[in-house]
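Residue numbers (the working numbering): 194 to 735. Positions of the beta carbon are idealized from the N, C-alpha and C atoms, including for glycine. None of the values given here were measured: they were computed from a predicted structure. Worksheet: one structure, shown below.
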Amino acid sequence: MALSWRSWLANEGSKHLFLFFWLSLNVWLFWKTFLLYYQGLQYYYLHQMLGLGLCVSRASASVLNLNCCLVLLPTCRVLLAFLRGSQKVASRKTRRLLDKSKTFHVTCGVTICIFSVLHVAAHLVNALNFSENYNEDFLALNAANYRGEDPRKLLFATVPGLTGVIMVLVLFLMCTASTYAIRVSNYDIFWYTHNLFFVFYMLLMLHVSGGVLKYQTNLEEHPPGCFNPNKTLRQNMTVPTAFEEPFPDYTTEPFPEDLPVPEPFVQNNFMRICSEEPKFQSHFPETWFWISGPLCLYCVERLYRYIRSNKPVTITSVISHPSNVLEVRMMKDDFKARPGQYVILHCPRVSALESHPFTLTMCPTDTKATFGVHLKVVGDWTERFRDLLLLHSNQDTEILPIFQQRRYPNDGWKCYKLRRLYFIWVCRDIESFRWFADLLCMLHNKLWQENRPDYINIQLYLSQTDGIQKIIGEKYQALNSRLLIGRPRWKLLFDEIAKCNRRKTIGVFCCGPNKISKILHKLSNSSNSHGTRFEYNKESFS
Numbered sequence: 194m195a196l197s198w199r200s201w202l203a204n205e206g207s208k209h210l211f212l213f214f215w216l217s218l219n220v221w222l223f224w225k226t227f228l229l230y231y232q233g234l235q236y237y238y239l240h241q242m243l244g245l246g247l248c249v250s251r252a253s254a255s256v257l258n259l260n261c262c263l264v265l266l267p268t269c270r271v272l273l274a275f276l277r278g279s280q281k282v283a284s285r286k287t288r289r290l291l292d293k294s295k296t297f298h299v300t301c302g303v304t305i306c307i308f309s310v311l312h313v314a315a316h317l318v319n320a321l322n323f324s325e326n327y328n329e330d331f332l333a334l335n336a337a338n339y340r341g342e343d344p345r346k347l348l349f350a351t352v353p354g355l356t357g358v359i360m361v362l363v364l365f366l367m368c369t370a371s372t373y374a375i376r377v378s379n380y381d382i383f384w385y386t387h388n389l390f391f392v393f394y395m396l397l398m399l400h401v402s403g404g405v406l407k408y409q410t411n412l413e414e415h416p417p418g419c420f421n422p423n424k425t426l427r428q429n430m431t432v433p434t435a436f437e438e439p440f441p442d443y444t445t446e447p448f449p450e451d452l453p454v455p456e457p458f459v460q461n462n463f464m465r466i467c468s469e470e471p472k473f474q475s476h477f478p479e480t481w482f483w484i485s486g487p488l489c490l491y492c493v494e495r496l497y498r499y500i501r502s503n504k505p506v507t508i509t510s511v512i513s514h515p516s517n518v519l520e521v522r523m524m525k526d527d528f529k530a531r532p533g534q535y536v537i538l539h540c541p542r543v544s545a546l547e548s549h550p551f552t553l554t555m556c557p558t559d560t561k562a563t564f565g566v567h568l569k570v571v572g573d574w575t576e577r578f579r580d581l582l583l584l585h586s587n588q589d590t591e592i593l594p595i596f597q598q599r600r601y602p603n604d605g606w607k608c609y610k611l612r613r614l615y616f617i618w619v620c621r622d623i624e625s626f627r628w629f630a631d632l633l634c635m636l637h638n639k640l641w642q643e644n645r646p647d648y649i650n651i652q653l654y655l656s657q658t659d660g661i662q663k664i665i666g667e668k669y670q671a672l673n674s675r676l677l678i679g680r681p682r683w684k685l686l687f688d689e690i691a692k693c694n695r696r697k698t699i700g701v702f703c704c705g706p707n708k709i710s711k712i713l714h715k716l717s718n719s720s721n722s723h724g725t726r727f728e729y730n731k732e733s734f735s
């Protein structure tokens, strides 16, 4: 099955195009700011003192402002859920882009790390140039107090330098703790270090308030590069009689041959003369404009989540399944859910900050208000949560706040009728199979009682062969014909499903690892000879 151009865009091409667009936007912003500081007349004297370090530091700062502004937006889950459920966002493709908010968050984070390295390196060069190129004629422009001052004083004895050093340390902790190895081995380290972003933003606002880099304000009265006969020049040079008269504000005259004029002030045998000293002023911090809006939006959303979490959830029962799997059934007033929805659980007794999403495995109905989730004990949070629940299992109820509930829009799904469900489950070992096998057997027996044995096509794949016959012989005879050894042949499955459903639209839903997701996404977007269209969807906890 060959991939068409449209299918390629829907699969990997859209991600590549987005990354290319984002990279181009950041490079364009970097280059535009670089040219502004390289060619701008208001930065003439500062550029003469710092060189390219000025241009690189300011250009990278512009890119950092953009990414520090946008990196917070993907974490505003309530806002994303509102946009996704809004009737104005009618396109399913647009809503799927909103589900990629985590990818966009990671992209902004990586961009921040790259340009932070460039920004820090440029400012180290600037600190050295401030010390070596100290100029007594421009006292207001110098960050150093004297020529040859130790550059380390500029890094540790000034507000911009000290806050910059601390921000580098905070960013280093956040980046290293965000790696896959640390997130898998110890999620708590990732979670708590990632919450240092608030410290990072507070330091960022202090960092830009130092006003170390300044620009010239009186360009008309003192054009950059003009000759200004100040006291120093009068003491060191013999001023001609023609220059002893009062100087106009700005004149252009041929310079006398006996006057030793510095080379930068000579252009085409003419000398530009002015009588006013250059005046310098610090920029108003632009970072405030970039990050204040998203930061306030994020704080308002966190406050909204906190208010919503005060409405408690009553745990009605806790069921322990094999393979360290817990089923938690709960109730909450005025809670409505749809199949496929997930909830984010936050238990203050387990962790004050940490929360985790779980897909609803039992939804409330008109006659039953109970809903539930299945969670596998695989980390510190789930272990403490399990111990807390089992400790209070002899009590009738236990209070657990729900941090957020995700609401999906009406996609017009009511006009569709489910004709057949293909359920394919891949497990590595038998223990992972056992905890869900009871529910599958119950479903299988129910379908036989209702004379709908083929309503759901169940296929189970196991990589482990030891002990399978013993387990099947004991309890799961109903699943004997459904159980297969090895990995699924996805292409053959798609061909078989397409052949049985000619010229129809089939929804594909994946809640597995990324490797399987990429394979299914590619096959869903591949063309077939039966005219069957596969619409790919993936579970996204963003």
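So, with DSSP's three-state summary, where would you put residue i?
i	result
F551	strand
Q534	coil
G700	strand
L655	strand
C489	helix
T558	coil
C368	helix
N707	helix
L568	strand
N730	strand
S720	coil
H514	strand
C540	coil
S475	strand
K692	helix
F211	helix
Y499	helix
Y408	strand
K715	helix
C269	coil
L546	coil
D622	coil
K639	helix
S402	coil
E329	helix
P344	helix
Could you check which residue in the options has the C-alpha nearest to that of residue i?
i	options	result
T372	H209, V361, W384	W384
L677	R621, N721, I690	R621
R613	Y535, V701, A630	V701
W483	W215, H714, A254	A254
N503	A314, P487, P541	P541
I508	T563, Y615, F214	T563
K225	L406, S250, Y238, Q642	S250
E470	H415, V493, S513, W481	H415
L582	F629, I512, L655	I512
C248	Y231, D631, N730, L257	Y231
F578	D559, S548, K561, A315	S548
N322	D330, L347, L311	L347
Y535	C704, T287, N328	C704
Taking the CB atoms as reference points, tell me whether residue i and residue j lie closer together than 9 Å.
i	j	result
N319	L243	yes
N260	N219	yes
L222	L490	no
I305	L355	no
M555	V570	no
R277	I537	no
P706	I617	no
P550	R627	no
T698	E732	no
P487	L263	yes
F391	M367	no
D580	N379	no
S475	L406	yes
P353	L317	no
F473	Y408	yes
L633	L653	yes
Step through the CB atoms of chain B and report whether any lies within less than 9 Å of the CB of residue i.
i	result
S217	This model lacks chain B altogether; it includes just one protein chain.
DSSP beta-bridge partners for residue i?
i	result
M524	T507
F616	I651
I678	L655
L519	S513, L568
Point to revise | Validate contact between the stretch 333–340 and the stretch 285–299 using beta carbons, cut 8 Å, 3 pairs | key: Below 8 Å, too few C-beta pairs join the stretch 333–340 and the stretch 285–299 to call them touching: fewer than three.
Exercise for review: Report yes or no: do three or more beta-carbon pairs, one from the stretch 720–735 and one from the stretch 684–691, lie closer than 8 Å?
Suggested key: Enough Cβ pairs lie closer than 8 Å, so yes.
Practice item. Pair every Cβ in the stretch 520–532 with every Cβ in the stretch 299–314, then say whether three or more of these pairs are closer than 8 Å. Key: Result no; under three Cβ-Cβ pairs closer than 8 Å.
Exercise for review: Decide yes or no for the touch test of the stretch 396–405 against the stretch 227–242: beta carbon pairs closer than 8 Å, at least 3 of them.
Suggested key: At 8 Å Cβ cutoff, the stretches do not touch.
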